[in-house]
Structures are given as structure tokens and as C-alpha cells.
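All remarks here apply to the structure that follows.
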Amino acid sequence: MAREVGTDTVQEVAETAVHHLSRIATIVATAARDIVSELGELFSDVAEAAATRRVDPSEPPVEE
787 MAREVGTDTV QEVAETAVHH LSRIATIVAT AARDIVSELG ELFSDVAEAA
837 ATRRVDPSEP PVEE
């Protein structure tokens, strides 16, 4: 009987640990996806800004 209670306890602890670890993994994966998305938008904005600053060779140079 005592051995069965110990086995049940170990099983319950293992199930709880797996449940919580899977929730943590989901949180981390979602955060990583959001970070990659934001970095992609940042790089797109930088590329767009760089493209607008390129000099058109047909335009005369601007003197400052």
C-alpha cells in the first residue's frame, strides 16, 4: 500500500512537471516568434529608409 502511494505521488509530480514545462515552452516559443517578427519589421524599416536615401544618378548633386 505504501509503495502504491509513493508511485502515485511520483506519477502526479511527473505529470504536473510536464504540464508546467509545456506551458513554459509555449511562452518561450511565443516570445521568440514575437521577437523575430519585430526584428523583421525593424530590418524592413531600415531597408526602406536606406532605399529612400539612395542618390538617383540622373539627379544633380545637392550642395549643402
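Here the working numbering is used: the first residue of the sequence shown is 787, the next is one more, and so on. A virtual CB, placed ideally from N, CA and C, is assigned to each residue, including glycine.
query: Between the C-alpha atoms of Gly826 and Thr802, what's the straight-line distance to the nearest angstrom?; result: 36 angstroms
query: Could you check what DSSP says for Glu790 in three-state terms: helix, strand or coil?; result: helix
query: What separation, rounded to the nearest whole angstrom, lies between the Cα atoms of Val791 and Ala817?; result: 39 angstroms
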